[in-house]
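Peer 1: Okay, here's the structure, questions in a sec.
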Amino acid sequence: MNWILFAALFFVTWWLVLFVVLPFSLRTQDDDQDVTLGTVSSAPRGPHMLRAFIRATIVTVVVIGILYGLTIGLGFSFDDIMRIMPDFSPNAHH
28 MNWILFAALF FVTWWLVLFV VLPFSLRTQD DDQDVTLGTV SSAPRGPHML RAFIRATIVT
88 VVVIGILYGL TIGLGFSFDD IMRIMPDFSP NAHH
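Mind the numbering: the sequence shown is residues 28 to 121 in my numbering, read in order.
So, in structure tokens, the structure goes:
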């Protein structure tokens, strides 16, 4: 895997993971019973994006590390997915 492909894969994975970890430990203004005038009660309370970026980066490093280990260390590729997955077709031979 060359470094351009690795960087692109890391970037796309990081964005996906960011949207997954974004709501974790999010406190809303309604949770604190302190709604600022002119905002909705579901608006975030205080800064939380730095923690979300750090969590997304850590999770992405783990996911990419596992992917790297499977592809480079064990020699798996995307072509091997069909051989790993069980056959769920109705006419599969048991």
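By construction, the Cβ of each residue, glycine as well, lies at the ideal position given by its N, Cα and C atoms. For clarity, every value in this text was computed on a predicted model and none was experimentally measured.
(1) Taking the C-alpha atoms as reference points, what is the distance between V90 and T55?
(2) Can you tell me whether V67 is buried or exposed, with buried defined as 16 or more other CB within 10 angstroms of its CB?
(3) Going by DSSP, what residue range makes up the alpha helix (DSSP H) through L45?
(4) Can you grab the Cα-Cα spacing for the pair H75 / F46, in whole Å?
(5) For P71, which residues does DSSP report across the bridge?
(6) Apart from the five residues on each side of it in sequence, which residues of its chain come closer than 8 Å, Cβ to Cβ, to L64?
Peer 2: In terms of the structure at hand:
(1) 29 Å
(2) exposed
(3) 30-48
(4) 13 Å
(5) T55
(6) none
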